[in-house]
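Residue numbers (full-length UniProt numbering), protein chains in the order written: chain U, 1 to 306; chain B, 1 to 123.
Built from N, CA and C at the ideal position, the CB exists for glycine as well.
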């Protein structure tokens, strides 16, 4: 850009310079005639060249410093301009240059990105903090269940990693299978990016039909990492209450009876301390949900068991 | 595996597991059931029937083979559930259309109604 402008600038410069020379000559003539009329008029012939010299020597430029006598001061100015005009344009533009402009834009863009990132992080921290609460947790809490391998499982077993808790039942017509497929996608996405930081858990709301064996066979269809949980009717009712899950299973169903169970369809993300972080609804895509989980994992300052 | 064969009625109870539970339909069984459902619903669409529970006689008359296949592939509770859900989905669609005609703007589905949004706002 700058090089493109240069030739035209030169032309303009020389044109203006001629004008300013004339001006200078006139001024010199005038000043000379008023200040010391005699000596100067006689000792020096008055022509343009002397006028130029006298006017230019006031501008300490290296070119003239060489040909002419020494400049008045021995300290060189911080920036030497070739012509008066260059100095003038410099002065007009102030400290602006393309480097300064680039730096300005870069700094601006950088700060914008940083502030956006910080804002998103603060929002997440706020959600996590708000849900953490003080005293009794809003979502989550103590429970006692049996996992699909027949082992005891309590809220303590959720600690150490982030956990993704989903409630459902194996005889679920369409929503649970869809959501569990999404869960499998989230598990893979998070594992790929952050390693083994997530413990996915599926808690049955239908203990009468969902025994460990049924859970095992059912979950094998979705993801090997998902750990199925079941329990007695009372245990399941308690865990549903703790997680604020709507629980409608009747306590006395006949064996082999065909029924559906209403339940909430949220994924509950719990942090490595076992505290509720965020609920992820059905409207989230696998990628969006993975991002939510991943962002919380990345924010976590403490240790995550891998 | 009673409900996979189209001949057996849906009243057949599911397969019991060894530890006293009942085995749920697996992926292929679910797929089969959903296909039966979709075929039945396509038939209902062709005959302009929305609610196949209320208009069961009409549905039975117009789509008897599809209904039979549907009922054969899914548990009874699933059949009822899907029929009701169809009505619900239809009503939802109508409402959305009505709202769109009135110039309503849809919310961002990723954040609308999520706990995140509620949590961020409710302070």
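Proximal residues of chain B, C-beta to C-beta of residue 188 (chain U) below 9 Å:
Identification of chain B residues near residue 188 (chain U) by a Cβ-Cβ cut-off of 9 Å yields none; the smallest Cβ-Cβ distance measures about 17 Å.
Leaving out five residues on either side along the sequence, give the residues of the same chain with a beta carbon under 6 Å from the beta carbon of residue 127 (chain U).
If we look at residue 127 (chain U) and ignore the five residues flanking it on each side, its Cβ neighbours are 278.
Beta-carbon spacing of residue 69 (chain B), residue 36 (chain B) below 8 Å:
Yes, the Cβ-Cβ distance between residue 69 (chain B) and residue 36 (chain B) is below 8 Å.
In whole angstroms, what is the alpha-carbon distance linking residue 109 (chain U) and residue 51 (chain B)?
CA-CA distance, residue 109 (chain U) to residue 51 (chain B), rounds to 56 Å.
Going by Cα to Cα distance, which pick from U:119, U:144 and U:209 is closest to residue 252 (chain U)?
Per the Cα distances, U:209.
Return the chain-ordered list of same chain residues with a C-beta closer than 6 Å to the C-beta of residue 35 (chain U), the five sequence neighbours on each side being excluded.
Residue placement at residue 35 (chain U) is poorly supported in this model, since its pLDDT is 45, which falls under 50; the coordinates still yield a value, given next. Result list for residue 35 (chain U): empty, nothing under 6 Å.
Just to confirm, is the Cβ distance from residue 139 (chain U) to residue 259 (chain U) under 8 Å?
Going by C-beta atoms, residue 139 (chain U) is not nearer than 8 Å to residue 259 (chain U).
Where does residue 185 (chain U) sit, in a helix, a strand or coil, going by DSSP?
DSSP places residue 185 (chain U) in the helix class (H, G or I) of the three-state scheme.
Considering only residues of the region 64-118 of chain B, which uninterrupted beta strand (DSSP E) runs meet the minimum length of 3 residues and lie entirely inside it, listed in chain order?
DSSP runs (the beta strand (DSSP E)) wholly in the region 64-118 of chain B: none.
When the distance is taken between beta carbons, is residue 197 (chain U) closer than 8 Å to residue 162 (chain U)?
Yes. Within cutoff.
Any C-beta of chain B within less than 7 Å: which residues of the region 199-229 of chain U qualify?
If the cut-off is 7 Å between Cβ atoms, the region 199-229 of chain U has 209, 210, 211, 212, 213, 214, 217, 218 and 221 near chain B.
Which residues of the region 65-84 of chain B have a Cβ closer than 8 Å to any Cβ of chain U? Give them in chain order.
Those residues of the region 65-84 of chain B that come within reach of chain U (Cβ to Cβ, closer than 8 Å) are 74, 75, 76, 77, 78, 81 and 82.
Alpha carbon to alpha carbon, how far is residue 86 (chain B) from residue 304 (chain U)?
About 44 Å.
In this structure, how does DSSP classify residue 277 (chain U) when only helix, strand and coil are distinguished?
Strand.
Within 10 Å of its beta-carbon, does residue 299 (chain U) have 16 or more other beta-carbons around it, so buried, or fewer, so exposed?
The residue is exposed, with fewer than 16 neighbouring Cβ atoms inside 10 Å.
For the candidate residues U:222, U:248 and U:168, whose alpha-carbon lies nearest to that of residue 186 (chain U)?
U:222 is the residue among U:222, U:248 and U:168 whose C-alpha sits nearest the C-alpha of residue 186 (chain U).
Got a sec, what are the start and stop residues for the alpha helix (DSSP H) residue 36 (chain B) sits in?
27-46 is the span of the alpha helix (DSSP H), which, as asked, contains residue 36 (chain B).
Could you name the residues of chain U that residue 19 (chain B) contacts, counting a contact when the two beta carbons are closer than 7 Å?
Under the 7 Å cutoff, chain U gives 211, 212 and 213.
3-residue-minimum beta strand (DSSP E) runs that sit fully inside the region 213-269 of chain U, ordered along the chain
The region 213-269 of chain U is shown to contain whole beta strand (DSSP E) runs of 3 or more residues at 227-230, in chain order.
In this structure, what does DSSP give as the bridge partners for residue 207 (chain U)?
Beta-bridge pairing links residue 207 (chain U) to no other residue.
The region 244-260 of chain U: which residues have C-beta closer than 9 Å to a C-beta of chain B, in chain order?
Residues 255, 256, 257, 258, 259 and 260.
Assign residue 202 (chain U) to buried or exposed, taking buried as 16 or more other Cβ atoms, counted over all protein chains shown, within 10 Å of its Cβ.
Residue 202 (chain U) is buried by the Cβ-count criterion.
Taking buried to mean at least 16 other C-beta atoms within 10 Å of its own C-beta, is residue 19 (chain B) buried or exposed?
Exposed, because fewer than 16 other Cβ atoms sit within 10 Å of the Cβ of residue 19 (chain B).
How should residue 214 (chain U) be labelled, buried or exposed, when 16 other C-beta atoms within 10 angstroms of its C-beta is the threshold for buried?
Residue environment: residue 214 (chain U) is assigned as buried (16 or more neighbouring CB atoms within 10 Å of its CB, all protein chains considered).
Would you mind working out which of U:125, U:170 and U:211 sits nearest residue 24 (chain B), comparing C-alpha positions?
Answer by Cα proximity: U:170.
Which residues in chain U have a C-beta closer than 9 Å to the C-beta of residue 27 (chain B)? List them in chain order.
Here the neighbours are 177, 221 and 222.
With 16 other Cβ atoms within 10 Å as the buried cut-off, status of residue 184 (chain U):
By the neighbour-count definition (other C-beta atoms within 10 Å, threshold 16), residue 184 (chain U) is a buried residue.
Mind checking if residue 232 (chain U) is an interface residue toward chain B, Cβ cutoff 8 Å exclusive?
Cβ-Cβ to chain B under 8 Å: no for residue 232 (chain U).
What is the C-beta distance between residue 256 (chain U) and residue 193 (chain U), in whole angstroms, given that I count them as a contact (C-beta under 8 Å)?
About 44 Å separates the two Cβ atoms, so there is no contact after all.
Residue-level contact to chain U via CB, residue 16 (chain B), 8 Å cutoff
Residue 16 (chain B) counts as touching chain U.
Let me confirm a value: residue 261 (chain U) is counted as buried when at least 16 other C-beta atoms fall within 10 Å, else exposed. Which label applies?
Answer is buried; the Cβ neighbour count reaches 16.
Exposed or buried, residue 41 (chain B), counting other C-beta atoms within 10 Å across all chains shown (16 or more means buried)?
With 16 or more other Cβ atoms from the protein chains shown falling within 10 Å of its own Cβ, residue 41 (chain B) counts as buried.
Leaving aside the five residues before and after residue 90 (chain B) along the sequence, list all residues of the same chain whose C-beta is less than 7 Å from its C-beta, in chain order.
50, listed in sequence order.
Give me the chain B residues within the contact set of residue 170 (chain U), using Cβ-Cβ distance strictly less than 9 Å, ordered along the chain.
Going along chain B in sequence order, the residues near residue 170 (chain U) (Cβ under 9 Å) are 21, 22, 23, 24 and 25.
Taking the alpha carbon of residue 173 (chain U) as the point to measure from, which residue in B:34, B:17, B:22 and B:15 has its own alpha carbon closest?
Nearest to residue 173 (chain U) by C-alpha distance, out of B:34, B:17, B:22 and B:15, is B:34.
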